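J.:
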Amino acid sequence: MSLPSTSPTILIVAAGRGLGHALAEQFHLRGWHVIGTVRPGSGHTSLHDLAENGGVEIETLDIGEPGQIAALRRRLDGRVLDALFVNAGITTEDQDVTPGEVTDDEFTAVMLTNALNPMRVIEAFQDLATPTSLLGVMSSGQGSIANNERGRREIYRSSKAALNQLMRSYAARQQEPKRTLLLTAPGWIRTDLGGPDAPLAIEDSIPRLVTVMLDQLGTPGLRFLDYQGQVVPW
Ligand SMILES: NC(=O)c1ccc[n+]([C@@H]2O[C@H](COP(=O)([O-])OP(=O)(O)OC[C@H]3O[C@@H](n4cnc5c(N)ncnc54)[C@H](OP(=O)(O)O)[C@@H]3O)[C@@H](O)[C@H]2O)c1
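Position one of the sequence shown corresponds to residue 737 (our numbering), numbered consecutively onward.
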């Protein structure tokens with residue numbers, strides 16, 4: 737359902753918990769209208785609590801289901817997006833599993849969720865976005881090939897590096913590159929995915945990351961930036 741709104745609108749894919757929920761909260765606090773997605777069957781999430789105040793719509797999407805991407809795109813027909821951000825991501829059950837050990841199924845799941853399907857979401861919704869909008873995807877410092885001197889988390893790293901490469905290809909084929917394209921590295925944060933040993937709390941990173949995103953709005957082209965606004969080497 738289309739809600740009349742004079743606020744800029746962001747679609748955040750995977751906003752039910754963790755960093756995605758914090759992104760939704762920050763954009764909401766800064767006066768944006770937020771359309772946040774959860775996976776079907778998620779039940780009551782933190783995003784539902786946020787939506788009780790108004791200004792936040794909840795939609796459903798599993799990015800691994802092409803039919804759900806098409807259905808959400810149809811439901812949002814006629815809406816105008818000032819920003820689109822795909823946050824969804826997973827890692828391997830054993831973070832340090834090596835290429836020799838990982839199963840084909842687990843490798844495929846991580847690659848599909850972290851690299852291919854976020855870009856499919858960008859392609860599916862790009863025509864709802866304004867010519868000067870921001871299109872972003874949650875990458876990771878672990879996706880930097882240049883910075884990989886210690887190894888570990890090999891499958892996750894390779895999926896985020898693949899995501900970065902797909903986004904660079906997407907950027908390179910834009911005819912009129914007026915949009916802001918962002919790959920973001922939020923730092924290592926205590927979430928279900930980040931685990932309890934991460935040095936950062938969500939509040940240490942996401943408010944700053946949103947400031948970085950908003951500062952980039954209106955500057956065309958692709959950048960890979962961390963939550964402090966620093967360029968991350970490819
Ligand atoms: N935490 C860190 O240290 C860190 C660092 C760098 C980058 N990141 C990236 O930040 C993003 C969010 O991570 P997080 O730390 O907040 O992890 P998290 O708490 O595990 O949250 C992961 C999010 O991705 C969603 N998701 C997973 N598969 C999906 C699918 N097929 N379709 C739709 N949504 C899906 C989850 O939805 P459900 O609730 O339905 O499972 C959840 O909202 C990920 O891309 C991650 O790689 C995290």
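By construction, the Cβ of each residue, glycine as well, lies at the ideal position given by its N, Cα and C atoms. Here the structure is a predicted model, which means the values were calculated and not measured.
#1: Among the residues of its own chain, which have a CB less than 6 Å from the CB of Ile858, if the five just before and after it don't count?
#2: Between Leu755, Val770, Thr920, which has its C-alpha nearest Val816's C-alpha?
#3: Cβ of Thr849 within 7 Å of any heavy atom in ligand 1?
#4: What does the Cβ neighbour count give for Leu765, buried or exposed, with the cut at 16 atoms within 10 Å?
#5: Under 8 Å by Cβ, that's how I've got Ser782 and Arg753 pegged, so tell me the actual separation to the nearest angstrom.
#6: Ordered along the chain, which non-local residues of its own chain (more than five positions away) have a Cβ less than 6 Å from that of Glu793?
#7: Have a look at Ser738 and Ala865 and give me their C-alpha separation to the nearest angstrom.
#8: Ligand 1 and Thr927: does any heavy atom of the ligand fall closer than 7 Å to the residue's C-beta?
#9: What do you get for Lys914, buried or exposed, if any count of 16 or more other CB atoms within 10 angstroms of its CB means buried?
#10: Using only the heavy atoms of ligand 3, determine whether one of them is closer than 7 Å to the beta carbon of Ile771.
#11: With three or more beta-carbon pairs closer than 8 Å as the criterion, would you say the segment 880-890 touches the segment 842-850?
#12: Taking contact to mean 3 or more Cβ pairs, one atom from each stretch, closer than 8 Å, check whether the segment 927-938 and the segment 873-884 are in contact.
#13: Within 10 Å of its beta-carbon, does Val948 have 16 or more other beta-carbons around it, so buried, or fewer, so exposed?
#14: Given 7 Å as the limit, tell me if Ala937 has its C-beta closer than that to any heavy atom belonging to ligand 1.
#15: What residues match up with Ile746 in a beta bridge as DSSP calls it?
#16: Let me check you understand the geometry: is the CB of Asp798 closer than 7 Å to at least one non-hydrogen atom of ligand 1?
#17: Regarding Leu755 and ligand 1, is the C-beta to nearest heavy atom distance less than 7 Å?
#18: Let me know if Thr868 comes out buried or exposed under the rule of 16 or more other beta-carbons within 10 Å of its beta-carbon.
#19: How far does the beta strand (DSSP E) with Thr927 in it extend, from its first residue to its last?
#20: Quick check on DSSP: helix, strand or coil for Thr920?
#21: Is the segment 903-922 close to the segment 947-966, with three or more CB pairs under 8 Å?
#22: Counting Cβ pairs, one atom from each stretch, are 3 or more of them under 8 Å apart for the segment 849-863 and the segment 811-829?
#23: Tell me which residues share the same chain as Ala750 and place their Cβ nearer than 6 Å to its Cβ, disregarding the 5 neighbours each side in the sequence.
T.: Put simply:
#1: In the same chain as Ile858, and ignoring 5 residues on each side of it, the C-beta atoms closer than 6 Å to its own belong to Leu871, in chain order.
#2: Comparing Cα-Cα distances from Val816 to each of Leu755, Val770, Thr920, the minimum goes to Val770.
#3: True, at least one ligand heavy atom lies under 7 Å from that Cβ.
#4: Counting Cβ neighbours within 10 Å, Leu765 comes out exposed, since fewer than 16 surround it.
#5: The pair is a contact, with the Cβ atoms about 6 Å apart (cut-off 8 Å).
#6: Excluding residues within five positions, the ones whose Cβ falls inside 6 Å are Ile771.
#7: Summary for Ser738: the model assigns pLDDT 46, below 50, so the residue's position carries little reliability, and this model does not support an answer.
#8: Closer than 7 Å to some heavy atom of ligand 1: that describes the Cβ of Thr927.
#9: Exposed, by the Cβ-count rule.
#10: This structure lacks ligand 3; its bound ligands are ligand 1.
#11: Short answer: they don't touch.
#12: No, the segment 927-938 does not touch the segment 873-884.
#13: So Val948 counts as buried.
#14: Placement of the Cβ of Ala937 at a distance of 7 Å or more from every heavy atom of ligand 1 is found.
#15: DSSP output for Ile746 lists Val770, Ala819 as bridge partner(s).
#16: At least one heavy atom of ligand 1 is nearer than 7 Å to the Cβ of Asp798, so yes.
#17: Remark: the shortest separation between the CB of Leu755 and any heavy atom of ligand 1 falls under 7 Å.
#18: Answer is exposed; the Cβ neighbour count stays below 16.
#19: Thr927 -> no beta strand (DSSP E), and no H or E assigned at all.
#20: Thr920: strand per DSSP, three-state reduction.
#21: The segment 903-922 makes contact with the segment 947-966; the number of CB pairs closer than 8 Å reaches 3 or more.
#22: Short answer: they touch.
#23: Excluding its 5 nearest sequence neighbours in each direction, Ala750 has C-beta neighbours in its own chain below 6 Å: Gly756, Asn823, Ala824, listed in chain order.
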